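With the first letter of the sequence shown counted as 1, position 115 gets the number 118 in my numbering; the numbers rise by one all the way through.
Below is one structure, written out as structure tokens, with a few remarks after it.
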Amino acid sequence: LLKWELLGGMGWRDYDGAGLDTLQTQLLEGHLRWLPTQRLSLYATAKYAIEDTIGAQDTGRISHAGTVRGEYEIFHDLVATAGAGINESDFIGQDRTDLTLSANAGLQYFYTKNMLFTVDYTYENRQSNDNDYDLNRNQIRFGGRLRF
């Protein structure tokens with residue numbers, strides 16, 4: 004009914020680009036899965052990690068994140084999902100910090116054991132100490148998956 008794991012280690016980034024700082028920090032991650040009833044599953048994750056970026060002058064960021072998610076089986080083929088998250092990112096070599104709050108809700112319809120249809124809504128709010136990176140995003144997604 005309850006499963007958890009805790010991971011830890013050290014992370015190093017030694018960038019080749021001139022002016023890009025070398026980085027060393029600890030890495031931590033924890034996961035929790037709880038099945039309080041036959042139809043309800045709850046998940047939580049906490050993470051402290053280095054997130055790499057792809058830009059030529061970017062060295063990445065250190066991310067502190069936490070998420071919670073729930074799944075409830077309405078019928079044997081219909082599952083409701085909901086979740087929330089918080090993420091604080093400190094950009095390396097820059098004086099920029101972002102705080103992102105998110106929430107989502109959705110439905111998954113298992114048409115067959117191999118075919119799944121989804122609809123979900125996600126809201127995201129990012130607040131940065133650099134106003135150019137502030138953001139509010141609303142997403143509605145429809146999808147289909149074919150699994151073998």
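Built from N, CA and C at the ideal position, the CB exists for glycine as well.
These numbers come from a predicted model, not from an experiment.
| Asked | Found |
| --- | --- |
| Proximity winner among Q41, D101 and R148, relative to E76 (alpha-carbon distances) | Q41 |
| Simplified DSSP assignment, three categories, for D123 | strand |
| Contacting residues, own chain, Cβ-Cβ under 6 Å from T125 (five flanking each side not counted) | N107 and Q142 |
| Local conformation of Y51 per DSSP, three classes | strand |
| Endpoints, beta strand (DSSP E) assigned at F151 | Run containing F151: none; DSSP gives neither H nor E here. |
| N128 versus G69 - alpha carbon distance | 15 Å |
| Nonlocal neighbours in the same chain, by C-beta distance under 6 Å from F113, ignoring five residues either side | D80 and L119 |
| Whole-number beta carbon distance between T48 and H67, since they are thought to touch under 8 Å | Rounded, the Cβ-Cβ distance is 12 Å, inconsistent with contact. |
| Selected residue, minimal CA-CA separation from Y51, among L9, R140 and Q130 | L9 |
| Close-in-space but distant-in-sequence residues of the same chain around L149 (CB under 7 Å, 5 per side omitted) | N117 and M118 |
| Element boundaries [beta strand (DSSP E), containing Y136] | Unbroken run through Y136: none, as it is neither H nor E. |
| Burial state of I89 (16 or more Cβ within 10 Å) | exposed |
| Per-residue DSSP class, three states only, for T84 | strand |
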